[in-house]
Amino acid sequence: MAKRATTDEARRKAIDDALQPLAKGNPIDAPAKLSPSGAFLKPLKQTDEASKLFDGDEVPAYKITLSPESIESLKKEPKVFVKAKFESGDVKLENVGVRLKGFIGSFRPFDGQNKNGFTVKFNAFKNGQRFMGLKKLQLNNAAQDSTYIRERLGYALFREAGLPAPRVGHATVSVNGDPFGLYVQVEASTEDFLARWFEDTKGDLYEGPTDISNWKNLDLDSDPKRAQRGLLMGFTEAAKRAEDTNDLTHLEDWVDLGHFARFMAMEILCDHWDGYLSPNNYRVYRNPTDRKFYFIPHGADQLFRNSNNSLFGSSRGRSAVVAAFRSTDEGNLLLEEAINYLLGTIWNPEKIKARIMQDYERIRPHIVSDAKRPYDLFEVEERLQATLSFFGKAERLKRWQLMALDDRELEDRLSRLTSRSRWGR
243 MAKRATTDEA
253 RRKAIDDALQ
263 PLAKGNPIDA
273 PAKLSPSGAF
283 LKPLKQTDEA
293 SKLFDGDEVP
303 AYKITLSPES
313 IESLKKEPKV
323 FVKAKFESGD
333 VKLENVGVRL
343 KGFIGSFRPF
353 DGQNKNGFTV
363 KFNAFKNGQR
373 FMGLKKLQLN
383 NAAQDSTYIR
393 ERLGYALFRE
403 AGLPAPRVGH
413 ATVSVNGDPF
423 GLYVQVEAST
433 EDFLARWFED
443 TKGDLYEGPT
453 DISNWKNLDL
463 DSDPKRAQRG
473 LLMGFTEAAK
483 RAEDTNDLTH
493 LEDWVDLGHF
503 ARFMAMEILC
513 DHWDGYLSPN
523 NYRVYRNPTD
533 RKFYFIPHGA
543 DQLFRNSNNS
553 LFGSSRGRSA
563 VVAAFRSTDE
573 GNLLLEEAIN
583 YLLGTIWNPE
593 KIKARIMQDY
603 ERIRPHIVSD
613 AKRPYDLFEV
623 EERLQATLSF
633 FGKAERLKRW
643 QLMALDDREL
653 EDRLSRLTSR
663 SRWGR
């Protein structure tokens, strides 16, 4: 206990010293450490048939045709796949599976008026059927992202940080000839996705909400016949031992420490308050090759909104692995190193803002013509400006990333933040 107190005192002194330049109006420079700790993953295959859907300049148009029977089924059981016809250019696919997607905040019942989110499973009723090499495609209605670009930008930054993340693009959708407007199309987390990042795709893939500690009930997105849920229990117990003993080595056999610190840092920097730090939206894959768990971002449509909170509430999340990192000296050090690395490499505000504007100019005509968007054009551009402003606060982020490791500052700020609502567009 004396050792821990001494460590805390030393850390607080270092933070106080680091904050002195800010009091004088001088910026803080990130430490020179520009090499990442832990595994830095890159796609095993840089391009494939689907690349043009996510990386191209064109916005493809999709036509979905539903029978009266399929429509009635979607109204009664919206999460059950129904048969549909799918068209894109010269491609025409029959017996495609379509269901509604979304949860609190983004789900809309199918009534012909709402802009629904869709999951399209091309092989649902016809084995081996694919579209541009894909078995499945997510069509998000952007109900919680009036900029239409947060998810695309966020996942791109995760990938640039050496973290597996889906590819994202845009498409227009019509249903039975009725224009449904602009959609955010997201690469589904299938074996196809895993194969882009891991040599072995036969591991267990789980999905939130709830934490790994709820290992019996965590959603499984891979083959249930191969699932080894008991490993989640072992992972949870290791995290608890690390937290209780101030010894992160208990987690070394379960997770790549540097890689997870970078994942955690990215959720913090991107203000992914609804991600694993909550814990709510995330996926975690156990890689059979090294027998370690790798976290994958998910549900990232509400990023880059509140820079005042990104390093306080979220970095003290309730999730087991985050608690282990934030309760150990080594975990805090790895987190600080990861944040400094990201701020000194991929977090280039001017380049990011230029990317935002390039994307927006590409999709703006489709936003303007989207009759089903649930917000007016003023709100779209107001939120876009707020997103641009988020990246104009790099110095504030550097200051907060130091303060976030100091419990005294956290307690004061968390008490003020708990009453604030984080929901909305």
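For the sequence shown, the positions run 243 to 667 when the numbering used here is used. Heads up, the beta-carbon is just placed ideally off N, CA and C, and yes, glycines get one too.
Where residue 382 falls: helix, strand or coil (DSSP): strand
Element boundaries [beta strand (DSSP E), containing residue 329]: 324-330
Local conformation of residue 509 per DSSP, three classes: helix
Residues sharing a beta bridge with residue 429, DSSP: 379
Buried or exposed (CB count within 10 angstroms, at least 16 for buried), residue 494: exposed
6 angstroms Cβ shell around residue 563 - same chain, five flanking residues per side excluded: 481
Test item: CB-CB of residue 604 and residue 280 under 8 angstroms: no
Cutoff 7 angstroms; reference residue 602; Cβ partners in own chain excluding five residues on either side: 391 and 626
Beta-carbon gap between residue 363 and residue 323 smaller than 8 angstroms: yes
CB of residue 404 within 8 angstroms of CB of residue 537, strictly: no
Sufficient close CB pairs (3 or more, under 8 angstroms) joining the segment 512-529 to the segment 450-464: yes
Nearest-angstrom Cα separation, counted from residue 389 out to residue 274: Summary for residue 274: the model assigns pLDDT 47, below 50, so the residue's position carries little reliability; its value from the coordinates is reported in the next sentence. Near 34 angstroms, if we compare the C-alpha coordinates of residue 389 and residue 274.
Reduced DSSP secondary structure (H/G/I, E/B, other) of residue 271: The predicted position of residue 271 is uncertain, since its pLDDT is 47 and thus under 50; no value can be drawn from it.
Supposed close pair residue 295, residue 396 - CB separation, criterion 8 angstroms: The Cβ separation is near 18 angstroms, so there is no contact.
Local Cβ density within 10 Å of residue 568, reported as buried at 16 or more and exposed below that: buried
Heavy atom of the ligand ADP within 7 angstroms of residue 315 beta-carbon: Because no ligand of any kind appears in the structure shown, any question about the ligand ADP cannot be addressed here.
Residue 315 in three-state terms, based on DSSP: helix
Three-way DSSP call (helix, strand, coil) for residue 363 in this model: strand
Residue 529: first and last residue of the uninterrupted beta strand (DSSP E) it sits in: 524-529
Cβ-based burial, residue 286 [other Cβ within 10 Å; buried from 16]: exposed
Where the alpha helix (DSSP H) containing residue 581 begins and where it ends: 571-586
Separation of residue 373 from residue 592, as counted between CA atoms: 36 angstroms
Burial state of residue 570, where buried means 16 or more other Cβ atoms lie within 10 Å: buried
Nearest-angstrom Cα separation, counted from residue 624 out to residue 560: 32 angstroms
Exposure of residue 509, with buried meaning 16 or more beta-carbon neighbours within 10 Å: buried
Coil, strand or helix - residue 461 by DSSP: strand
Contact under 8 angstroms by Cβ, residue 445 with residue 527: yes
Local Cβ density within 10 Å of residue 359, reported as buried at 16 or more and exposed below that: buried
Residue 413 and residue 381 closer than 8 angstroms at C-beta: yes
Burial state of residue 534 (16 or more Cβ within 10 Å): buried
Residue 594 classed as buried or exposed, judged by whether at least 16 other C-beta atoms fall within 10 angstroms: buried
Limits of the beta strand (DSSP E) - the one that residue 339 falls within: 333-343
Rounded Cβ spacing between residue 386 and residue 348 (contact assumed at less than 8 angstroms): 6 angstroms
DSSP three-state assignment for residue 476, whether helix, strand or coil: helix
The segment 436-444 touching the segment 417-427, judged by at least three CB pairs closer than 8 angstroms: no
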